[in-house]
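Since the structure comes first, as structure tokens, the remarks are kept for the end.
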Amino acid sequence: MTKEEKRRREHNIYMKEWNKQSESYKEYQREYHREYKKKRKGFYIYFFVNKDGQVVYVGKTNFLSWRMAYHKSTREYWEDSYTVLYHEFKDINDDILVDIESMLISLLNPVKNSKCADYDGNVDKYLKGFNLKEYKM
């Protein structure tokens, strides 16, 4: 066996071992991200408020930090002077979240939201204890 053949053979053995470790690490990463998503998933309504205290945008999301990062990176509805307020809901589903967002848009008439569909009038009960927190970017 020549030196080159020996080097190739050793390299192939090394690469097989490295690939095994790499696959186990990739699986670890996938599992980590699945668990991270489970922990971070929620039901949020958020508001962009300008310096004058006027609500300029109302939105909903299941992953608040991801949604804020998207707004900031694309500059969609985003200005650095805005304050972001949010409320996390417990024990509701996406349909109710859509209705709550629609109701808030129709009540507040934010400048950057387009008019939205009618909402179910039964969402008032979900707004009891509505507690806004400031989102820090």
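Numbering follows numbering that gives the first Met the number 0, with no gaps: position 2 of the sequence shown is 1.
Don't be surprised by glycine CBs; every beta carbon is placed ideally from N, CA and C.
Computed from a prediction, not measured in an experiment: that's the story for all the values here.
Taking C-alpha atoms, which residue in the options lies nearest to residue i?
i: F88; options: K19, Y13, M102 and K40; result: K40
i: L131; options: F46, M67 and S101; result: F46
i: I91; options: G52, W17, L126 and K135; result: L126
i: P150; options: H32, H10 and G52; result: No statement about residue 150 is possible, as the shown extent of the chain runs from 0 to 136 and does not include it.
Would you please state the rounded distance, in angstroms, between the beta carbons of residue i and residue j? I believe it to be under 8 angstroms.
i: V142; j: K111; result: Nothing can be reported for residue 142: it is not among the residues displayed for the chain, which extend from 0 to 136.
i: Y43; j: Y85; result: 5 angstroms
i: K71; j: W65; result: Incorrect: roughly 11 angstroms between the Cβ atoms, too far for contact.
Excluding sequence positions up to five away, which residues of its chain have a Cβ less than 6 angstroms from the Cβ of residue i?
i: S80; result: K50
i: L96; result: F42 and K59
i: E16; result: none
For residue i, list the residues DSSP reports as bridge partners.
i: Y56; result: F47
i: T82; result: V48
i: E34; result: Per DSSP, none; premise fails for E34.
i: E87; result: Y43
Please return the same chain residues whose Cβ sits closer than 8 angstroms to the Cβ of residue i, not counting the five positions on each side in sequence.
i: V83; result: Y45, F46, F47, V48, M67, E133, Y134 and M136
i: E75; result: Y69
i: E11; result: One point to set straight first is that residue 11 is Asn, not Glu, in the sequence displayed. The answer is none, since no qualifying residue turns up.
Can you list, in chain order, the residues of its chain whose CB lies under 7 angstroms from that of residue i, leaving out five sequence neighbours each side?
i: F129; result: H86
i: K19; result: none
i: Y13; result: none
_Could you check whether the stretch 57-71 touches the stretch 13-24, counting it as contact only if at least three pairs of C-beta atoms, one from each stretch, sit closer than 8 angstroms?_
The stretch 57-71, when compared against the stretch 13-24, does not touch it at the 8 angstroms Cβ threshold.
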